[in-house]
Amino acid sequence: MARWQEVKQMMTGPDAASVADAARFVGVGRKAIYKRLDIERKAAGGTGAD
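Just add 2 to wherever you are in the sequence shown, counting from 1, and you've got the numbering used here.
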């Protein structure tokens with residue numbers, strides 16, 4: 003996902019966008035974003051089940 007950094011920036015910070023807004027912005031489905039977030043969480047040592 004080429005624009006992943008942009009998505010992450012949109013979803014963090016004081017004016018954070020929802021996952022749905024970020025998904026619309028980059029033209030991918032929400033599931034793709036959730037999946038990517040889950041992969042990153044697991045890579046960071048989390049269980050992915052919060």
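Idealized CB from N, CA, C, for every residue including glycine. Remember, it's a predicted structure, so these values are computed and weren't measured experimentally.
Go to residue i, then tell me how far its alpha helix (DSSP H) extends in each direction, as first and last residue.
i, result
"Ala45", "32-45"
"Arg26", "21-28"
"Met12", "6-12"
Between the Cα of residue i and the Cα atoms of the options, which residue gives the shortest distance?
i, options, result
"Gln7", "Gly47, Gly31, Leu39, Ala45", "Leu39"
"Val21", "Gln11, Lys44, Arg32", "Arg32"
"Val28", "Gly47, Glu42, Met13", "Met13"
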